[in-house]
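Trainee: Heads up: the sequence shown begins at 18 in the numbering used here, then just goes up one per residue.
Every residue, glycine too, gets a C-beta built ideally from N, C-alpha and C.
Small disclaimer: the values here were computed from a predicted structure and weren't measured.
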Amino acid sequence: MSTQRNIQLFEHERHTDLESVTVLRQCLSKALNSTLSASNLKNNILLCFSEWATNLVQHASPQSPSIKVILEKNASKLFLSVSDSGQQWDPTLKDSKDIISQFTESEEGRGIALIQTFCEHLEYSTSNGTNTLLMSWDIPIQTRKPDVLIVDDDPLLLRVYKAYLDKDFTITCAQNGDQALGLIKVNKYDLIISDIQMPTMGGLELRQAIKSAQDGQSIPFIFLTALAGENVQMNANHLGIDDYLIKPVDKKSLLFSVQRVLARSEQVYNHLSHRLDEKITNSLLPKIHSPDSGWDIAVRQRNTGCGGGDFLLSKAFGREDLYVLADVMGHDVSAKFFSYAYAGYLRGLLNNTQEADPCQLLGQLSDSAFDDQLLSQVTLTSCAFSLHGNDEIEFASAGHPCPLLISENGLETISVQGMLPGLLPETLYSPLKLTLGKKQRIALFTDGLFESGDTVTERTQLTKEIEKQLLHTLELPIEEAIDTVMANFDALAGTPPNDDTLLMLIEPKHA
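#1: Take residue 399 and list the residues in its own chain whose beta-carbon comes closer than 7 Å to its own, dropping the five residues that flank it on each side.
#2: How many angstroms separate the CA atom of residue 407 from the CA atom of residue 452?
#3: What are the boundary residues of the beta strand (DSSP E) that includes residue 518?
#4: In terms of alpha-carbon separation, which member of 72, 22 and 42 lies closest to residue 441?
#5: Could you tell me the boundaries of the alpha helix (DSSP H) in which residue 41 lies?
#6: Can the beta-carbon of residue 211 be found closer than 8 Å to that of residue 220?
#7: For the candidate residues 87, 94 and 25, whose alpha-carbon lies nearest to that of residue 31?
#8: Using 8 Å as the threshold, is the C-beta distance between residue 420 and residue 469 below it?
#9: Could you tell me which whole beta strand (DSSP E) segments of length 3 or greater appear in the stretch 159-212?
#10: Starting from residue 312, follow its DSSP beta bridges and name the residues at the other end.
#11: Give a yes or no on whether the C-beta atoms belonging to residue 167 and residue 173 are separated by under 8 Å.
#12: Excluding the five sequence neighbours on either side, which residues of its own chain have a C-beta within less than 8 Å of the C-beta of residue 123, listed in chain order?
#13: Judging by CA-CA distance, which residue of 521, 181 and 94 is the nearest neighbour of residue 138?
#14: Please list, in chain order, all residues of the same chain as residue 92 whose beta carbon is under 6 Å from its beta carbon, the five residues on each side excluded.
#15: First and last residue of the alpha helix (DSSP H) that includes residue 475?
#16: Jot down the residue ranges of each uninterrupted alpha helix (DSSP H) in the stretch 322-382, minimum 4 residues, whole runs only, in chain order.
#17: Do you know offhand how far residue 367's Cα is from residue 412's?
#18: Going by beta carbon distance, what residues of the same chain come within less than 7 Å of residue 89, once the five residues before and after it are set aside?
#19: What are the start and end residues of the beta strand (DSSP E) that includes residue 100?
#20: Compare the Cα-Cα distances from residue 129 to each of 319, 69, 157 and 426 and report the closest residue.
#21: Express the C-alpha separation of residue 519 and residue 330 in angstroms, rounding to a whole number.
#22: Less than 8 Å between the C-beta atoms of residue 409 and residue 456, yes or no?
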């Protein structure tokens, strides 16, 4: 049976007014960025919240003095709950128009109809005077296709080229160079295919303009032309294009050229980024000391080789030790840079921290993420904890997966929760204290440990196997146990996995 529980991304309660609805919506939007790459689903979630919260403000009688919002997720679903203590009304009822009319005749059920349309599952409950609407959505597993921009002044050829490539690529079309430049300013493309002879701005001029733009030099470029003259090819080569096809172009030739150019571009990108990535990744390797507080600790880490990063830092306070485990979201080199920046900032916070207080540390981190223009560009989850000499461990969490308690009785989720850093100023985090006995062990981890699968089925199988190994290795020495768990992880997730992963096992020395 899986022990994976929901991870809290955001929780906040505000006075019931329209300004609060706006603030809560903005906070939800930032929190959703850490989980969703599908903008349409994010928009649906924000729409459902706005409609429901606005109804509570404008039409409930009596009106609730406050609205409480909680956003949570697990490996496959997102959950949004909105709680109030005002008038009871259930939008899940089949005959919802009668319920809606109790609020206002003018709404005509439009808001509720939108919620019922754009929310995948609705539950409504009332308990001890508190009404809660729970909305949930499936998190889509993204299989990204390369984005290709095709530029040609012939609408018929655009449709033909799009049909050639549509199955394997996300295609955007432009009918001239000016239109293409406008699209490039607001979108990121993996490849541009352009005709040379076009009115207003031809392909050669377009390529020159793109080269002059920020990051334009690195965008792969394929020219299509009916002109086979030597001067045209020389000018095109001078602009640093990647391929050159003579019209008419058939599907096989175009597809082969696109695949070859993209493969070469990725090879060059990986080679250039590897040097930077290797240096940054090495700086993010766990840097912790052996605790003086009577604990054994084992840590293992796996890296994808690109993107975000997991890191673990610590500081000793006599017989107490403070640790912070963090996971920076993202899957490109810029995300790796932000991991490096966050790690450096956290080192500074730890050096200036005077006591082993995980809640205080996360509060300082959250305030910095809210105020700092650089740190606010990326989402981070974190779990801070302190180890004490009496076999007591104190946790605080900022949107991070819950730790697991491993014992002879099985696996148990340690339900420590807190919102993502940087969503609101002066965020307070709540501690959870636990005293470990004999033959008890704690597992802390980043989400890659259970989510490094390409499909829901793969993730489910990975979760079952890792949980089984965590339990079956309880009797083994902690170093041997963690190696066994990670060996099974490597077998199922592959090497490298598709997400950075860090696992940490902790137990009192008497265990």
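Mentor: Reading from the atomic positions:
#1: 341, 342, 343, 379, 382, 415, 417 and 438
#2: 8 Å
#3: 518-525
#4: 42
#5: 35-49
#6: yes
#7: 87
#8: no
#9: 164-168, 187-191 and 208-212
#10: 525
#11: no
#12: Note that residue 123 scores 44 on pLDDT, short of 50, meaning its location in the model is unreliable; the coordinates nonetheless yield the value given after this. None.
#13: 94
#14: 468 and 476
#15: 473-489
#16: 350-368
#17: 16 Å
#18: 23, 24, 25, 26 and 96
#19: 94-101
#20: 69
#21: 12 Å
#22: no
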